[in-house]
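There are 2 protein chains.
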Amino acid sequence: MNENQPNTRTPDAGRRSERSRRAIYDAALALVSELGYARTTIEGIAARAGVGKQTIYRWWPSKAAVLLDAFLDLGEQATETAPVIPDTGDLAADLKLVLRATVDELTNPAFEAPTRALTAEGVVDPALCALYVERLLNPSLQLYVDRLRSAEAAGELRPGIDHRVAVELFVGPLTHRWMLRTLPLTHEYADTLVDYALGGLSPRA
Amino acid sequence: MNENQPNTRTPDAGRRSERSRRAIYDAALALVSELGYARTTIEGIAARAGVGKQTIYRWWPSKAAVLLDAFLDLGEQATETAPVIPDTGDLAADLKLVLRATVDELTNPAFEAPTRALTAEGVVDPALCALYVERLLNPSLQLYVDRLRSAEAAGELRPGIDHRVAVELFVGPLTHRWMLRTLPLTHEYADTLVDYALGGLSPRA
DNA sequence: ATGGACCGAGACGTTTCGTCTCGATTCAGT
DNA sequence: ACTGAATCGAGACGAAACGTCTCGGTCCAT
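Below, the structure written as structure tokens:
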């Protein structure tokens, strides 16, 4: 909040302690898993990481920002995030494969807690949300867009479709069910979504 | 049946002060609008409502629960919530009308702040989420289901479609864009969703 | 070697939490 | 009409976390 003139210190990333940064990430993720996001405190993260509170306040504006960076770091470590959607020539099959994987990830207890925390915070904090979307969501959605472009070239998609809207037709309902826990999130649901979205709800004349 | 746990107090709704209840709703909604949800405190609500803190803690388990009830009460006052989806025989047109109205509501500043707060809290708090879904979301989605059933009878829908999934095909992407602020939420987007979902993304042979 | 920036540690005043106590008031049952 | 129990407004209370601020200590560039 306090962005006054001389007070705004720019903490020079060169002198930054890599050791502390990692320790903070580990502590943050561990505490969120153990206590949940609401009962995870910055003081708790600092204590667990063996770090001064100021070291956190110097580099991050909020608890949520710490968790976002920790989460991004976690994703980068797992280089197996081979971020590619298969292109077998069968669009429906490829989409089902990826959406099923997404279902598995969203229901994986290790990822679910921090993801929910970040998402909830983003719903209410536009600045954090922008970071979240830019660094996590959009890159992921772009993979779908690319696959749909390829599908259009192969004649598997109606020409003129807005690929971005089409992606949201798959991902939106999935996210909706996950966020609001309305009904179980299953592989079958993912498959049905693909079938309905590709085939349409209207009778095929 | 000995349900007299000393710990479990059942605060007997008969003696409850209607006056205080309303004052708390008003104060809660006003403060959330003025300060945002995060900086709205239970102490602040109590002070603004001219009410003892205990009166809030006695009847609600959390700040979010207060806001949910306040929000529900607000909706019940506005009896003009004539909760019907038109049935003109043109499914696409009817859906576009309702989805456009939903877009307007989601972007209405008066409703947006408390709705975001409740949704965010629900993402992270399963108990609150269940209440939210049961009392706000599901009744609303049921209207769509009913309209789709009518459409199926009229031959406007492929037979055998799971109406609930179909509803989520419309509402999911809308909610996705609203929650995560990925792209602007417009009437055009609502229309496109209806066209894509009904017509399907695959080429119509 | 020396100055500056970061570091861990923690003291500090503040805010809010959730519980508890206190009379006053209001309602139900004898 | 009396009385007892429960809620009411008001606020005191200790605990917890906030975010800011010193402290020395350490590391690096000058």
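Line by line, the protein sequences give chains A and B. Using our numbering, you'd call the opening residue of the first sequence number 38 and step up by one each time. Using our numbering, you'd call the opening residue of the second sequence number 38 and step up by one each time. By construction, the Cβ of each residue, glycine as well, lies at the ideal position given by its N, Cα and C atoms.
Got a sec, what are the start and stop residues for the alpha helix (DSSP H) residue i sits in?
| i | result |
| --- | --- |
| G73 (chain B) | Here G73 (chain B) belongs to no alpha helix (DSSP H), and DSSP marks it neither H nor E. |
| W215 (chain A) | 200 to 217 |
| E193 (chain B) | That residue, E193 (chain B), is in no alpha helix (DSSP H); it is neither H nor E in DSSP. |
| E158 (chain B) | 146 to 161 |
| G126 (chain B) | Note, G126 (chain B): premise wrong, no alpha helix (DSSP H); not H, not E. |
| D106 (chain B) | 100 to 114 |
When you compare the CB of residue i with every CB in chain B, is at least one pair closer than 7 Å?
| i | result |
| --- | --- |
| H213 (chain A) | yes |
| I198 (chain A) | yes |
| R52 (chain A) | no |
| L143 (chain A) | no |
| P240 (chain A) | yes |
| V161 (chain A) | yes |
| V103 (chain A) | no |
| A227 (chain A) | no |
| M38 (chain A) | Its pLDDT being 37, under 50, M38 (chain A) is placed unreliably in this model, and the coordinates cannot settle the point. |
| G112 (chain A) | no |
On a CA-only basis, which of the options is nearest residue i? Give me that one, please.
| i | options | result |
| --- | --- | --- |
| L243 (chain B) | B:L222, B:R58, B:D228 | Only positions 38 to 242 of chain B appear in this structure, which leaves residue 243 (chain B) out of reach. |
| L109 (chain A) | A:R95, A:V135, A:D63 | A:D63 |
| Q179 (chain B) | B:E55, B:L235, B:D199, B:A164 | B:D199 |
| R56 (chain B) | B:V69, B:G87, B:T78 | B:G87 |
| L120 (chain B) | B:M216, B:R201, B:V182, B:S54 | Before going further, note that residue 120 (chain B) is Pro rather than Leu in the sequence given. It is B:V182 whose Cα lies nearest to the Cα of P120 (chain B). |
| Q114 (chain B) | B:R59, B:Q91, B:V161, B:V170 | B:R59 |
Please report whether the beta-carbon of residue i lies at a distance below 7 Å from any beta-carbon of chain A.
| i | result |
| --- | --- |
| V182 (chain B) | no |
| G209 (chain B) | yes |
| A107 (chain B) | no |
| L165 (chain B) | no |
| A234 (chain B) | yes |
| V88 (chain B) | no |
| R153 (chain B) | yes |
| Y219 (chain B) | Inspection of the sequence shows that residue 219 (chain B) is occupied by Thr rather than by Tyr. Yes, T219 (chain B) lies at the interface with chain A (some Cβ there is under 7 Å from its Cβ). |
| A150 (chain B) | no |
| V231 (chain B) | no |
Is the separation between the beta-carbon of residue i and that of residue j shorter than 7 Å?
| i | j | result |
| --- | --- | --- |
| Y74 (chain B) | A167 (chain B) | no |
| A107 (chain B) | E158 (chain B) | no |
| L206 (chain A) | Y233 (chain B) | yes |
| A65 (chain B) | L111 (chain B) | no |
| T125 (chain B) | D131 (chain B) | yes |
| R195 (chain A) | P210 (chain B) | no |
| P48 (chain B) | R95 (chain B) | yes |
| I122 (chain A) | R201 (chain A) | no |
Is there at least one non-hydrogen atom of the ligand ZN closer than 6 Å to the beta-carbon of residue i?
| i | result |
| --- | --- |
| T92 (chain B) | In terms of ligand content, the structure shown is empty, and the ligand ZN therefore cannot be addressed. |
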